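Engineer: To convert, take the position in the sequence shown, counting from 1, and add 81; that gives this note's numbering. Beta carbons: idealized from backbone N, C-alpha and C, even for Gly. Since we're looking at a predicted model, the values are computed, not measured.
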Amino acid sequence: FVVINFLTTPHPGGFKCFTCEDAPDNYQCNRWAPDVFCPKGTMYCYTRHMMDDNGGSVSVTKRCATLENCQLTGCVNMCTSCCEGNICNIMVPRNDSSAVFSSTSPLVSSGRGLNPAGLIFFIIVVAWTCLH
82 FVVINFLTTP HPGGFKCFTC EDAPDNYQCN RWAPDVFCPK GTMYCYTRHM MDDNGGSVSV
142 TKRCATLENC QLTGCVNMCT SCCEGNICNI MVPRNDSSAV FSSTSPLVSS GRGLNPAGLI
202 FFIIVVAWTC LH
């Protein structure tokens, strides 16, 4: 008898992120990350990378995240980033160039008006871009 395994998502738009809590480095995080779908209501993959003074990994945490979880990306004593897409958080942020929030979707929800969190993020990005 033949078993056919269809890859199905638990809900429309379902996706996966690498997930780990306080792994010693990115390799260990990705190596042991469970292969599960993110819960409904999350849209992004979050990564927090803590490093020592020489840039060596101390701790890596990865998880599924909401837009609100992704408002403060960048590097200040640790680097955080968010991305949108299936297992998009394979790498860890190491500097301001990689500690970003990358999204392919508009931060404005159609039919519901402007998303306040998205608007704040947009204003911060525009202001930062103008200053640098």
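(1) Given a cut-off of 8 Å on the beta-carbon distance, is the pair C145 and T185 in contact?
(2) For C151, report the span of its alpha helix (DSSP H) as first-last.
(3) Report yes if the CB atom of C156 is closer than 8 Å to the CB atom of Y125, and no otherwise.
(4) Specify the secondary structure class of R175 as computed by DSSP and reduced to three states.
(5) Under 6 Å Cβ to Cβ from C169, same chain only, skipping five residues before and after it: list those, please.
(6) What's the call for L148, buried or exposed, on a 16-neighbour Cβ count within 10 Å?
Structural biologist: This is what the structure gives:
(1) no
(2) Counting along the chain, C151 falls outside any alpha helix (DSSP H), and DSSP gives it neither H nor E.
(3) no
(4) coil
(5) C126
(6) buried
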